[in-house]
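Trainee: To start, I am sharing the structure in question, which I have written as C-alpha cells.
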Amino acid sequence: MGKRFTLYTTIFLLIGIGLAPVLYMFIRSLFVDGGFSLRNYETLFQSDREWRLLFNSLSLAGATTLITVLLGVPLGTLFAKTDLPLKRFFTILFVIPLLVPSYILAIAWFYCLGRSGIVAMIFNADVGILTSNLLFGFAGTLFVMVSALLPVVIILTITYLRMVNPNLEEAAMLYGPWTTVLRKITIPLITPGIALAGLIVFILTLGEFGVPSFLRFDVYPVESFTQFSAFYNFNTATAAAIPLGLITLVVLIIERFFLRKKTFIFRTMGSEKKMLVVPLGKSKPFFMVAVSILVFILVIIPLCILIHKSVSISAYTEAFIRSIGSIMRSLVYASIGATCLVVFGFFLGYILARKAIRLFYAVDSIAIFLFALPGAVIGIGLSGLWNTPGTNFIYASMCIIIFGYIAQYTALGERIMAATFSHVPHSMEEAAQNVGAGWFRRLSGILIPLAKRGMVATWFIGFIFCLRDIGITMMVYPPAHDTLPVRIFTLMANSPEDVISAMCVIMIMITLLPLGGLGLVKRYIK
Amino acid sequence: MVAKMIVKIDNVSKSYNKHSVIKAISLDIEKGERVVILGPSGCGKTTLLRIVAGFIHPNQGKVIIDGNVVADNGKCIIEPENRQVGMVFQDLALWPHMSNYKNLEFGLKAKKIPKMETRKRIDEIFEKVQMTQFKNVYPGELSGGQQQRIALARALVMQPKILLMDEPLSSLDADLSLTLRKEILRLQEELAITLIYVTHDREEAFSLASRIVVMESGKIQKTGTVSEITAYLSGL
Ligand SMILES: Nc1ncnc2c1ncn2[C@@H]1O[C@H](COP(=O)(O)OP(=O)(O)OP(=O)(O)O)[C@@H](O)[C@H]1O
Ligand SMILES: [Mg+2]
Numbered sequence: 017m018g019k020r021f022t023l024y025t026t027i028f029l030l031i032g033i034g035l036a037p038v039l040y041m042f043i044r045s046l047f048v049d050g051g052f053s054l055r056n057y058e059t060l061f062q063s064d065r066e067w068r069l070l071f072n073s074l075s076l077a078g079a080t081t082l083i084t085v086l087l088g089v090p091l092g093t094l095f096a097k098t099d100l101p102l103k104r105f106f107t108i109l110f111v112i113p114l115l116v117p118s119y120i121l122a123i124a125w126f127y128c129l130g131r132s133g134i135v136a137m138i139f140n141a142d143v144g145i146l147t148s149n150l151l152f153g154f155a156g157t158l159f160v161m162v163s164a165l166l167p168v169v170i171i172l173t174i175t176y177l178r179m180v181n182p183n184l185e186e187a188a189m190l191y192g193p194w195t196t197v198l199r200k201i202t203i204p205l206i207t208p209g210i211a212l213a214g215l216i217v218f219i220l221t222l223g224e225f226g227v228p229s230f231l232r233f234d235v236y237p238v239e240s241f242t243q244f245s246a247f248y249n250f251n252t253a254t255a256a257a258i259p260l261g262l263i264t265l266v267v268l269i270i271e272r273f274f275l276r277k278k279t280f281i282f283r284t285m286g287s288e289k290k291m292l293v294v295p296l297g298k299s300k301p302f303f304m305v306a307v308s309i310l311v312f313i314l315v316i317i318p319l320c321i322l323i324h325k326s327v328s329i330s331a332y333t334e335a336f337i338r339s340i341g342s343i344m345r346s347l348v349y350a351s352i353g354a355t356c357l358v359v360f361g362f363f364l365g366y367i368l369a370r371k372a373i374r375l376f377y378a379v380d381s382i383a384i385f386l387f388a389l390p391g392a393v394i395g396i397g398l399s400g401l402w403n404t405p406g407t408n409f410i411y412a413s414m415c416i417i418i419f420g421y422i423a424q425y426t427a428l429g430e431r432i433m434a435a436t437f438s439h440v441p442h443s444m445e446e447a448a449q450n451v452g453a454g455w456f457r458r459l460s461g462i463l464i465p466l467a468k469r470g471m472v473a474t475w476f477i478g479f480i481f482c483l484r485d486i487g488i489t490m491m492v493y494p495p496a497h498d499t500l501p502v503r504i505f506t507l508m509a510n511s512p513e514d515v516i517s518a519m520c521v522i523m524i525m526i527t528l529l530p531l532g533g534l535g536l537v538k539r540y541i542k
Numbered sequence: 002m003v004a005k006m007i008v009k010i011d012n013v014s015k016s017y018n019k020h021s022v023i024k025a026i027s028l029d030i031e032k033g034e035r036v037v038i039l040g041p042s043g044c045g046k047t048t049l050l051r052i053v054a055g056f057i058h059p060n061q062g063k064v065i066i067d068g069n070v071v072a073d074n075g076k077c078i079i080e081p082e083n084r085q086v087g088m089v090f091q092d093l094a095l096w097p098h099m100s101n102y103k104n105l106e107f108g109l110k111a112k113k114i115p116k117m118e119t120r121k122r123i124d125e126i127f128e129k130v131q132m133t134q135f136k137n138v139y140p141g142e143l144s145g146g147q148q149q150r151i152a153l154a155r156a157l158v159m160q161p162k163i164l165l166m167d168e169p170l171s172s173l174d175a176d177l178s179l180t181l182r183k184e185i186l187r188l189q190e191e192l193a194i195t196l197i198y199v200t201h202d203r204e205e206a207f208s209l210a211s212r213i214v215v216m217e218s219g220k221i222q223k224t225g226t227v228s229e230i231t232a233y234l235s236g237l
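From first to last, the protein sequence lines stand for chains B and A.
Residues in the first sequence are numbered from 17 upward in steps of one, following this note's numbering.
Residues in the second sequence are numbered from 2 upward in steps of one, following this note's numbering.
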C-alpha cells in the first residue's frame, strides 16, 4: 500500500524531526544526575527575576496583540471593502516588515533613535538619551513588534472579509448605513478570523527572540538563549523554555476547543457574486492621510533609514565581503527548506483535507503546536537530541537547520496545501483509481498537476519564512553554517553602521525578489 | 450456475458512527444485465455503488466480482484500481489539465497497455461515442453532453467487466438526457457489458433497465423487471 506508507512516513518524519526533540528535552529536564527529579523546576518562579520574565513575556505579547488587532482590523477592512485609492499598494507596503527578520526594524530604529542616532544628531544628546531610553525596553520592543506583526492581522482580516457572503450584507443594508452594517454584521461575522489573527500575533510575539534580545527587553526566549549559548546550560535553558511551551499549549488548546466549534455562514468559494464595496465618500481624504501616516511611520521610515545609512559603494562592498558566504547559505538552506516544506505540506495537507487517516486531527495539532512553539524551544530540543557522537552528521551539518525549518514551518505548508486540496474534488483522484492508476501514478498524473499552484505558493512562502528565521537558526547553526540573518545579528554589535545597514538592505532585497517571482507565477500559471 | 454471475453482494452493511446507511443488502447481478438502482435521495444508492467500486469498504458482508472476493467483512481485498470496474462519476471528474485523448490514455498507461493497442482502443472508443473530432480538445471546452460522452469513453476504454453510473444524466436537460440514454443502451448492447445504473428518476429507470432494484432507507424493497416494478410502484 504505497499511499498509507507515504502518508505514515511523512507523519513519522514530522514526529521524529519536530516533536521528538521537544519531548526529549522535556523528559531530559525531569532527570537530574540519573534520577527523576523536579530540581530543574524548583528554581522556576522562585526568584523575582522569573516572575519578571513571565510578566514581561505576557505583557509584551498581550499589548502587541491588542494594538495590532485595533489597528489591523480597520486597516484590513479599508483595504478589502472600501474604494480607498492605492489600497493594493498600501497592503504590499504594510506586509514588507513581516517578510524580513523583525530585528532589522529594530536596527533601523536604533540608528534613528539611539544615543548617537539621527534624532540625537539633529537635536542634541539629551534628546538622544530620551529616545534611546524609550527604544530600549518595553515601549520600543512593543512598537517594533507591532510594525512587524500588524500585517498578520491585516492579511487575515482581508482574507476573511473576502469570504463573507455578500447576501448577508445586502440584507442588512436595507436597515442601516454601511457603518452599521460593518459594525453589526460584517465584523462580527469575521470574529473567528480576527481571533485567529490575534492568536497568531500573541504566539509569535511570545516566541520572538531577535527584537527583545536586541532591544534588551528580558523575555523567555532571550533568557533561554542566553542560558543555552552563553553558559551552555541545557537544563536551565530547558526550564526557561518550558513555561513558553506550556503557555503555547494552553493557548492552542483554547483555540482548538473554542474557535473551531464556531461555524459561520461564509460564501462558498468561487461563487460569482462580487464582494460589496463601501464607498468612503467625503471621508476618503481623511482615511488616505491616516493610512499614509501610518505606513510612513511603520514601514517607510525604517526602510529609508537603512537605505540612507548604507548608501555608499564601500558599504555594500564590505557587506558583501563579510557576508557573501552567509548570503549563499541563506539562499541554499531556504531553498532546501522550502522544498521540504512543499513535500511535508503536500502529504499532511492531503491528510487534513481528505481526512485520509483517522488521526488527521492529531497530526494537524502536532504541526500547529510546533508552528506555535518558539523557535528557541525547538532549537534547544534539536541540539539536545542530535548532539551525540553517532549523529554528528546531523548535528554538525546543515541538516539540523533544515530539521528546524521543517519542525517550525510545516504547518504553513500543511494549511496552504489543505486549502488547495479542498478545491480539488475527491472524485478526480477516485476516477484515476477507477481506471487502474496506483497511488504514485495518481500523485504524478493527477494530484500534483492539480495542486501545482498551491505547491508553488507553499514554496515561496516557505522560502521567505526559512530565509527570515533567526529563532531556530541562532540556536542550532553549526560553526561556519550561519545564515544571513544570524550573520547580521552576530556582527551587529561591533561593525560599522553603514555595513550593517547594507547587509539589512541586502537581506530585504533577497526576500523581496522571490516575492516578485511569486507575483509573476500567480499571473502566468492559469 | 446456469447464468453467469458477475457481481454478488452478500449481506453487505455500512454504517457511519452507528448511523447505518446500508442495511444487510444482498444482490446478485448476472453478466450482461442492466440493473438500475432506484430510490429516493439519501437512501444509500451512491454508497452501494461506491462499495462495488471499492471506494467505500463495507463494515460487514462480502462483495464478489467475477468470482473474486473483493471485500470481506470490513477488509478490502482487491483495491479499487485492480477491480476492473468502470465508473462514470456524478460530477464526471474529467481531469481538466489533460486533453480528452490524454484523459482516455491515462488509465491505459497505468495498465501498461502497449502503445499501438492504446491508440487503437482510444480511436475506436472515440468513434463509438462520436467524439473523434474533439480528441485533442480539453474537457473544459466541451458542452455538458459532450463531457458526458468523454466520461463514458474514459470508463469504457478500460474494457471493464462492469460499468457503474451514478446519476450521470441528472445535470442535463430532458432532451439531451433522452438522447444519451439511447446511446448508453446502444453501447451497452454493442459491448455486452454489465451495467449498474443509479437514479432517482423512475422514467429513466424504466427506459434503461432490464431489472430494477428499488431501494429505501438502506434496504432493498423489491427487485423485478420493468413491468413488475411498474405494477409494484403503482400499487403503493
Ligand atoms: N461519509 C459519510 N459520513 C456520514 N454519513 C454519510 C457519508 N456518506 C453518506 N452518508 C449518509 O448515507 C446516506 C446515504 O447516502 P448516499 O449518498 O448513498 O445516498 P443517495 O441515495 O446516493 O442519495 P442521492 O440521491 O441524494 O445522491 C445519507 O443519509 C448520507 O447522509
Ligand atoms: Mg447519490
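All C-beta atoms, glycine included, are put in the ideal place defined by N, C-alpha and C.
Within the 8 Å Cβ cut-off, does Ile126/A reach chain B?
Mentor: It does not; no Cβ of chain B falls within 8 Å.
Trainee: Indicate whether Val235/B and Asn403/B have their beta-carbon atoms separated by less than 8 Å.
Mentor: Cβ distance not < 8 Å, so Val235/B and Asn403/B don't count as in contact.
Trainee: When you measure from the CB of Ser346/B to every non-hydrogen atom of ligand 1, does any distance come out below 7 Å?
Mentor: Every heavy atom of ligand 1 is 7 Å or more from the Cβ of Ser346/B, so no.
Trainee: Just to confirm, does Lys220/A get its C-beta within under 7 Å of one of the non-hydrogen atoms of ligand 1?
Mentor: Every heavy atom of ligand 1 is 7 Å or more from the Cβ of Lys220/A, so no.
Trainee: Given the structure, does Ser118/B come close to ligand 4, in the sense that its CB is under 7 Å from one of the ligand's heavy atoms?
Mentor: Because ligand 4 does not appear in the structure shown, any question about it cannot be addressed here, the ligands present being ligand 1 and ligand 2.
Trainee: Any heavy atom of ligand 2 within a distance shorter than 7 Å of the CB on Asp167/A?
Mentor: For ligand 2, at least one heavy atom lies less than 7 Å from the Cβ of Asp167/A.
Trainee: Consider the Cβ of His58/A: report whether some Cβ of chain B lies at a distance smaller than 8 Å.
Mentor: No, because no Cβ of chain B sits closer than 8 Å to the Cβ of His58/A.
Trainee: Below 8 Å, how does it come out for the segment 420–433 of chain B and the segment 477–493 of chain B: are there three or more Cβ pairs, yes or no?
Mentor: Contact between the segment 420–433 of chain B and the segment 477–493 of chain B is present, because at least three Cβ pairs lie under 8 Å.
Trainee: Quick one: list the residues of chain A neighbouring Ile462/B, beta-carbon separation under 7 Å, in chain order.
Mentor: Those are Trp96, listed as they occur along chain A.
Trainee: Would the C-beta of His497/B count as close to ligand 1, meaning under 7 Å from any of its heavy atoms?
Mentor: No, the Cβ of His497/B stays beyond 7 Å of every heavy atom of ligand 1.
Trainee: Please confirm if Val16/B has its CB atom under 8 Å from at least one CB of chain A.
Mentor: Any property of residue 16/B remains undetermined from this structure, which presents chain B solely from 17 to 542.
Trainee: Once the 5 residues before and after Gly108/A are set aside, which same chain residues still bring their CB inside 6 Å of it?
Mentor: Met159, listed in sequence order.
Trainee: Exposed or buried, which one is Val294/B when buried takes at least 16 other CB atoms within 10 Å?
Mentor: Flag for Val294/B reads buried.
Trainee: Of all Cβ atoms in chain B, is any one closer than 8 Å to the Cβ of Pro169/A?
Mentor: Judged by the 8 Å Cβ criterion, Pro169/A is not in contact with chain B.
Trainee: Taking 7 Å as the cut-off, is the C-beta of Ser42/A nearer than that to any heavy atom in ligand 1?
Mentor: Under cutoff, so the answer is yes.
Trainee: In whole angstroms, what separates the C-alpha of Asn183/B from that of Ile201/B?
Mentor: The straight-line gap from Cα to Cα measures roughly 11 Å.
Trainee: Kindly examine ligand 1 and report whether one of its heavy atoms sits closer than 7 Å to the Cβ of Tyr17/A.
Mentor: The answer is yes for Tyr17/A.
Trainee: Would a check of beta-carbon distances place Ala447/B closer than 8 Å to chain A?
Mentor: Chain A, which has a Cβ nearer than 8 Å to the Cβ of Ala447/B, makes this yes.
Trainee: Should Phe21/B go down as buried or exposed, given a rule of 16 or more other Cβ atoms within 10 Å for buried?
Mentor: By the neighbour-count rule (16 or more Cβ atoms within 10 Å), Phe21/B is not buried but exposed.
Trainee: Going along chain A, which residues have a C-beta under 7 Å from Pro113/B?
Mentor: Correct list: empty, because the minimum Cβ distance to chain A is about 38 Å.
Trainee: Would you say Gly108/A lies against chain B (beta-carbon separation less than 8 Å)?
Mentor: So, interface residue.
Trainee: Per DSSP, what are the beta-bridge partners of Asn137/A in this structure?
Mentor: In DSSP, Asn137/A forms no bridge with anything.
Trainee: Any heavy atom of ligand 1 closer than 7 Å to the beta-carbon of Lys371/B?
Mentor: It does not: the Cβ of Lys371/B is nowhere closer than 7 Å to a heavy atom of ligand 1.
Trainee: Where does Leu102/B fall in DSSP's three states?
Mentor: In the structure shown, Leu102/B sits in coil (DSSP, three-state: anything other than H, G, I, E or B).
Trainee: Which of the three DSSP states is assigned to Gly18/B in this structure?
Mentor: Three-state DSSP puts Gly18/B in a helix.
Trainee: Suppose you measure from the CA of Leu466/B to the CA of Lys103/A; what does that come to, to the nearest Å?
Mentor: Cα to Cα, Leu466/B sits roughly 15 Å from Lys103/A.
Trainee: So the beta strand (DSSP E) Val86/A belongs to, where does it begin and stop?
Mentor: Per DSSP, Val86/A belongs to the beta strand (DSSP E) from 86–89.
Trainee: Within the same chain, show all residues whose beta-carbon is closer than 7 Å to that of Val217/B, passing over the 5 residues directly before and after it, in chain order.
Mentor: Within the same chain, Val217/B has close Cβ partners Thr80, Thr81, Thr84, Leu165, Val168, Val169.
Trainee: 8 Å is my cut-off, CB to CB: does Lys112/A come that close to chain B?
Mentor: Chain B, which has a Cβ nearer than 8 Å to the Cβ of Lys112/A, makes this yes.
Trainee: Along the segment 66–83 of chain A, where does the CB come closer than 9 Å to a CB of chain B? Name the residues.
Mentor: Answer in chain order: Glu80, Pro81, Glu82, Asn83.
Trainee: Taking the CB atoms as reference points, tell me whether Leu50/A and Thr200/A lie closer together than 8 Å.
Mentor: Going by C-beta atoms, Leu50/A is not nearer than 8 Å to Thr200/A.
Trainee: Tell me the rounded alpha-carbon separation between Thr226/A and Gly33/A.
Mentor: Going from the Cα of Thr226/A to the Cα of Gly33/A covers about 15 Å.
Trainee: Could you tell me how far apart the beta carbons of Ser172/A and Gly145/A are, in whole angstroms, since I believe they sit closer than 8 Å?
Mentor: With a Cβ gap of about 6 Å, Ser172/A and Gly145/A count as contacting.
Trainee: Going by Cα to Cα distance, which pick from Phe479/B, Phe360/B, Pro390/B is closest to Ala427/B?
Mentor: Here the closest residue by C-alpha is Phe360/B.
Trainee: Can you give the Cα-Cα distance for Ala354/B and Leu347/B, rounded to whole angstroms?
Mentor: Looking at the two C-alpha atoms, the distance is approximately 10 Å.
Trainee: Can you find a C-beta in chain A that's less than 8 Å from the C-beta of Pro193/B?
Mentor: Answer no: the Cβ-Cβ gap between Pro193/B and chain A never drops below 8 Å.
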